[in-house]
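Reviewing the structure listed below.
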Amino acid sequence: MPTWRRFRQIFGPEPRSDVDAELSFHLEMRVRELMARGETEERARELAAQRFGDYEASRRECVVIDERLERSMAQAAYLREIRQDAAYALRTLARAPAFTAVALLTLALGIGANSAIFSVVNGVLFRGLPYRDADRLYRVQMLYPDGTAYTALSAPDFMSVRQDARVFDQVEAYSTGIFTLLGSGEPKEVRGATVSDGLFTMLGLPLAVGRGFAREEHQPGRGAVTVLDYGFWLREFGGDRSAVGRTVKVGGTPYTIVGVLGPGARLSSEADMYAPLEYREPFNASTATARRSEYLAVIGHAKPGIGLTDVVNDLQRVGRELQTTFPNTNGRLTFTSISLMELIVGDVRRPLLMLLGAVGFVLLVACVNVANLLLARASARQQELALRTALGASRARVLRQLLTEAVVLGLAGAAAGLAVAYWATRMLVAAEPADLPLLNQVGLDRTVIVYTVAITLATSIAFGLLPALQATGARVADGLREGVRGGAGIRGHRIRAMLVIAETALAVVLLTGAGLLIRSFAAMMHVDPGFRTEHAMAFRVTLQGESYQRAEQIRSRVDELQQRLRTLPGVTAVAATTVLPMSGLAAIIDFAVEGAPPPPPNVNQEIAVASVTPGYFTAVGTPLKRGRAIDDRDTAEAPRAAVLNEAAVRRWFPDRDPIGRRVLMSGNAYVVVGIVGDILQRDPGEPVAPQLFASYAQRTSRSPRIVVRTQSDPIALAPTIRTTVRALDPNLAIPEFTPLDQLVATAVARPRFYMSLLTLFAAVALALAATGIFGVMSYGVAQRSREISIRIALGALARDVVWMIVGRAALLAGTGLAIGIAAALALGRVIRGQLFGVGLVDPVTLVAVAVALGAGSALASFLPAWRATRVDPLIALKAE
Amino acid sequence: MGTTSTSSTPDILRGTLDLLILKSLSWGPAHGYAVAHWIELATSDALAVGEGSLYPALHRLEEREWIAAAWGTSENNRQAKFYTLTRRGRARLRVEEQNWRRYAAAVFAALDAPGRA
Chain A
1 MPTWRRFRQI
11 FGPEPRSDVD
21 AELSFHLEMR
31 VRELMARGET
41 EERARELAAQ
51 RFGDYEASRR
61 ECVVIDERLE
71 RSMAQAAYLR
81 EIRQDAAYAL
91 RTLARAPAFT
101 AVALLTLALG
111 IGANSAIFSV
121 VNGVLFRGLP
131 YRDADRLYRV
141 QMLYPDGTAY
151 TALSAPDFMS
161 VRQDARVFDQ
171 VEAYSTGIFT
181 LLGSGEPKEV
191 RGATVSDGLF
201 TMLGLPLAVG
211 RGFAREEHQP
221 GRGAVTVLDY
231 GFWLREFGGD
241 RSAVGRTVKV
251 GGTPYTIVGV
261 LGPGARLSSE
271 ADMYAPLEYR
281 EPFNASTATA
291 RRSEYLAVIG
301 HAKPGIGLTD
311 VVNDLQRVGR
321 ELQTTFPNTN
331 GRLTFTSISL
341 MELIVGDVRR
351 PLLMLLGAVG
361 FVLLVACVNV
371 ANLLLARASA
381 RQQELALRTA
391 LGASRARVLR
401 QLLTEAVVLG
411 LAGAAAGLAV
421 AYWATRMLVA
431 AEPADLPLLN
441 QVGLDRTVIV
451 YTVAITLATS
461 IAFGLLPALQ
471 ATGARVADGL
481 REGVRGGAGI
491 RGHRIRAMLV
501 IAETALAVVL
511 LTGAGLLIRS
521 FAAMMHVDPG
531 FRTEHAMAFR
541 VTLQGESYQR
551 AEQIRSRVDE
561 LQQRLRTLPG
571 VTAVAATTVL
581 PMSGLAAIID
591 FAVEGAPPPP
601 PNVNQEIAVA
611 SVTPGYFTAV
621 GTPLKRGRAI
631 DDRDTAEAPR
641 AAVLNEAAVR
651 RWFPDRDPIG
661 RRVLMSGNAY
671 VVVGIVGDIL
681 QRDPGEPVAP
691 QLFASYAQRT
701 SRSPRIVVRT
711 QSDPIALAPT
721 IRTTVRALDP
731 NLAIPEFTPL
741 DQLVATAVAR
751 PRFYMSLLTL
761 FAAVALALAA
771 TGIFGVMSYG
781 VAQRSREISI
791 RIALGALARD
801 VVWMIVGRAA
811 LLAGTGLAIG
821 IAAALALGRV
831 IRGQLFGVGL
841 VDPVTLVAVA
851 VALGAGSALA
861 SFLPAWRATR
871 VDPLIALKAE
Chain B
1001 MGTTSTSSTP
1011 DILRGTLDLL
1021 ILKSLSWGPA
1031 HGYAVAHWIE
1041 LATSDALAVG
1051 EGSLYPALHR
1061 LEEREWIAAA
1071 WGTSENNRQA
1081 KFYTLTRRGR
1091 ARLRVEEQNW
1101 RRYAAAVFAA
1111 LDAPGRA
């Protein structure tokens, strides 16, 4: 640094007087020279001024330049100081590698976990749906008498909404199904969607290749064209543009490929191939037929300025009009709506935000721990700081330097944290946790990085400020006198104890939450699913095409398949069904007991229906409660037979024997022949709905699921079964197998995911809190070694000393426990929606939390306590 | 000395003043008056260096970090602002000097050139 700059800094910049001094010196010299040549002083001054020219203009210009110069120099000096502080911080951190490593690891985990969870929350909840005008899209739903909503509409109801709803400027629909694709390699099952004429345009889904559907292709018999999903096009056709124009067989019908959707363009339910929805007879707003055959997902695009309430009100108006026009089919029903975003992410919003909050707590605990470490170090650095202050550094200056250190530490932690987050996010997305929606939008984008930097700066200041204030607050003279052994003393120790209590309380909140979710999950797993999961698996066969035009062709092929499977070694039972356990309700159909009065207006008149082949209940392991099961008597020609589940008996026959009664389903009469136990239809947290099992022979479907029960591991039979299917008909898609226990795992995947993450966070928080207790106890023992050694010298037993230390740790932990449990109860509503079979105040959870914390704090204080007993009185006393 | 009439002396070219200041400082630190004095002597007072424009020029050079300023004591024991050529300033001087010589040589060559054929 040049000398003049230092000079300037001491006297401070004063451009005005500096310029005046400089210019008057010049004039004076000139006057002196002129006088030396014999001019009078008066004349000399006149001449000098004349020669100088415009003094004022010159002075003004110099002042402007100098002021500009001052400003830029002040800025440069400020930046230089920050650079110096940062460099100093780096050197200081490098000199304490153990401290730095522990602090960095803590921060990297804390920040990384936060960024990872935030990236999921950001992708799923904040980025919105990948559709044009996504916030104006609403899903139309049926509203049942008991207040429940059903997400599908019938074709005529869709046409009525399309024609009569005033809140929408466009209403579109689609329907999904499974089809067998022939023509590109092996026969395989594909997910198909048939879409109404304006769906792609309304959602703003772009085409990568080719064209979409023309209006006339929605006319019956003219819709043999298909548009491929982008990913499917890459997988099946290698991204070959000449795939467009080719013909493939889907479900036995030839379709011409006319286009490929853009990458990432998809409906909320994924599909591989799209075809035009054919507007057959029921696509008519004035028809009464097929109004109760719901299979269309209907989406409306609201006019500008229309909100959810307007949409719901208008749809209910349309629904009421249909009630009067079509009392037989729509008498008890109307419409409601939910925003498309809400439908897709509604049930994951709360748990995801809860996880974000929980991981925020982990970061807080990490912060407290780093603050604690910094406090301990600040005590050790007391002398250095006192020296700096004595040498003239202001408190603000030292404070700034300590905060710079904290920010440098924080930023290093964030860099490591982003690496952790990158890895963790990829793992999270790859695991496709619990079928979370919109996972393809999850990644470390700009929002996530901004968030990470923001939380890093906030946490750096949070963990840096307290120790910095503490360190600079101590009086200089004390610091110098106490020397290396000194420190922030009692006050610092008290602050550290309070920090430990705080982090313990935070850990207790997480432990309580995790405990409740674990208990809920255990309760779910204890619910009897109503079927036996072990040694059984299921697969789907889809029978489409020329050989399966008539129902008896399908039936005989399914019979044949079952017979062949029964002959395989190790197979104990084979049966077919249209709906597997825990896979939803599938068909819901109008139901009535013959001769019974109509049910009260707030009761649904529908029942879930499945068709099963003889032996199904044995194959899945569901007990027959009364009467008989569906058996070989229930052929296509026999009177229609029905088996009810217990939930159906509870609702429809509360005080009568149902066996032998006739019931009506969509107007067809069935005779109730038996009652079976309830089989879970969704996850264990949902009540079982009334369900009717019909005979597959009397109610045939093209796409039955075959259940195979075996003596040992069923998957071992998979290759044999594939060969069997192949031998039966080479045009059948190669089946995928689902072990029945997988059905349970899938159904509880979300609760399991939330529970696992929260438990992980709680464990990390507990470990951090225990580390904090360990740190404070170790420091306390070091500080009190003199007292301890005197006690030992006076004859105290090692046991007493250990109890003293452990007791103090227990006091800290106990206080944290009490505060934490109070906080956990206050925060209960955040988690209430996720609980099953357990209350917010759960004694088992609370005891478990207390035990975990007690064990943690005992473990954390044992080592310091043991060390205390090894204190040699002589050494400890001499050290003073 | 006396009054200088603007009609009889060429107006100093912008940039030339900077060059002369840098040159005057190349022999060591000097205050503004000394710089002005040296330019008078060296150019036989032929260039009308307006002293009014000398000081803004000095401050501008300081801002560009071609010269540095520091308060010191003058030969008659007064506080004066002394200017020193910085390393960057010295490099600049070399460039400017070469430019000027090339420029002057070109103009001379043109003036000495034979008339049009």
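Respectively, the protein sequence lines represent chains A and B. Numbered per my numbering, the first sequence finishes at 880, counting up by one with no gaps. Numbered per my numbering, the second sequence finishes at 1117, counting up by one with no gaps. We treat Cβ as the ideally placed atom computed from N, Cα and C, and that holds for glycine.
Residue i to residue j span [Cα, whole Å]
i, j, result
"residue 757/A", "residue 117/A", "10 Å"
"residue 1097/B", "residue 67/A", "30 Å"
"residue 15/A", "residue 1062/B", "13 Å"
"residue 298/A", "residue 267/A", "12 Å"
"residue 201/A", "residue 178/A", "24 Å"
"residue 385/A", "residue 397/A", "11 Å"
"residue 477/A", "residue 382/A", "Here the model assigns residue 477/A a pLDDT of 46, short of 50, so the residue's position is not dependable, and the following value carries that caveat. Cα to Cα, the separation comes out at about 11 Å."
"residue 510/A", "residue 188/A", "47 Å"
"residue 689/A", "residue 526/A", "19 Å"
"residue 627/A", "residue 678/A", "15 Å"
"residue 552/A", "residue 564/A", "18 Å"
"residue 287/A", "residue 281/A", "9 Å"
"residue 1085/B", "residue 51/A", "26 Å"
"residue 768/A", "residue 105/A", "11 Å"
"residue 110/A", "residue 865/A", "29 Å"
"residue 824/A", "residue 512/A", "7 Å"
"residue 90/A", "residue 103/A", "14 Å"
"residue 423/A", "residue 745/A", "25 Å"
"residue 1092/B", "residue 1076/B", "32 Å"
"residue 751/A", "residue 516/A", "11 Å"
Short CB-CB distance (under 8 Å) between residue i and chain A
i, result
"residue 1098/B", "no"
"residue 1032/B", "yes"
"residue 1115/B", "no"
"residue 1023/B", "no"
8 Å contact criterion, which residue i and residue j should meet: CB distance rounded
i, j, result
"residue 610/A", "residue 531/A", "Between residue 531/A and residue 610/A the Cβ distance is about 13 Å, and since that is not below 8 Å, they are no contact."
"residue 285/A", "residue 160/A", "5 Å"
"residue 88/A", "residue 441/A", "No, residue 88/A and residue 441/A are not in contact; Cβ-Cβ is about 43 Å, not under 8 Å."
"residue 176/A", "residue 269/A", "5 Å"
"residue 252/A", "residue 545/A", "3 Å"
"residue 446/A", "residue 735/A", "Rounded, the Cβ-Cβ distance is 44 Å, inconsistent with contact."
Any chain B beta carbon closer than 8 Å to residue i
i, result
"residue 79/A", "no"
"residue 57/A", "yes"
"residue 51/A", "yes"
"residue 68/A", "yes"
"residue 29/A", "yes"
"residue 890/A", "An answer regarding residue 890/A cannot be provided, because it is not within the stretch 1 to 880 covered by chain A."
"residue 44/A", "no"
"residue 22/A", "yes"
"residue 25/A", "yes"
"residue 445/A", "no"
"residue 819/A", "no"
"residue 133/A", "no"
"residue 455/A", "no"
"residue 65/A", "yes"
Any non-hydrogen atom of the ligand GDP closer than 7 Å to residue i Cβ
i, result
"residue 435/A", "Ligands are entirely absent from the displayed structure, and the ligand GDP is therefore not among its contents."
Practice problem: Just list the alpha helix (DSSP H) runs in the stretch 688-739 of chain A, keeping only unbroken ones of 4 residues or longer that don't cross its boundaries, in chain order. | Solution: DSSP runs (the alpha helix (DSSP H)) wholly in the stretch 688-739 of chain A: 718-728.
Quiz item: Quick one: complete alpha helix (DSSP H) runs, 4+ long, within the stretch 615-652 of chain A?
Solution: Every alpha helix (DSSP H) stretch that sits fully inside the stretch 615-652 of chain A and reaches 4 residues is listed by chain position as 616-620, 646-652.
Quiz prompt | Inside the stretch 85-110 of chain A only - alpha helix (DSSP H) runs reaching at least 4 residues | solution = The qualifying runs do not exist here; there are none.
Exercise. Identify each residue in the stretch 1039-1056 of chain B for which the Cβ-Cβ distance to at least one residue of chain A is less than 9 Å, and report them in chain order.
Key: Listed in sequence order: 1050, 1051, 1052, 1053, 1054, 1055, 1056.
Exercise. Return the residues of the stretch 1088-1112 of chain B that lie within a Cβ-Cβ distance of less than 9 Å from chain A, sorted by chain order.
Key: Within the stretch 1088-1112 of chain B, no residue has a Cβ that lies closer than 9 Å to any Cβ of chain A.
Practice problem: With a floor of 4 residues, list each alpha helix (DSSP H) that falls wholly inside the stretch 542-613 of chain A, ordered by position along the chain. | Solution: Within the stretch 542-613 of chain A, the complete alpha helix (DSSP H) runs of at least 4 residues are 551-566.
Quiz item: Where are the alpha helix (DSSP H) runs, 4 residues long or more, that stay fully inside the stretch 324-364 of chain A, in chain order?
Solution: Qualifying alpha helix (DSSP H) stretches, in chain order: 327-330.
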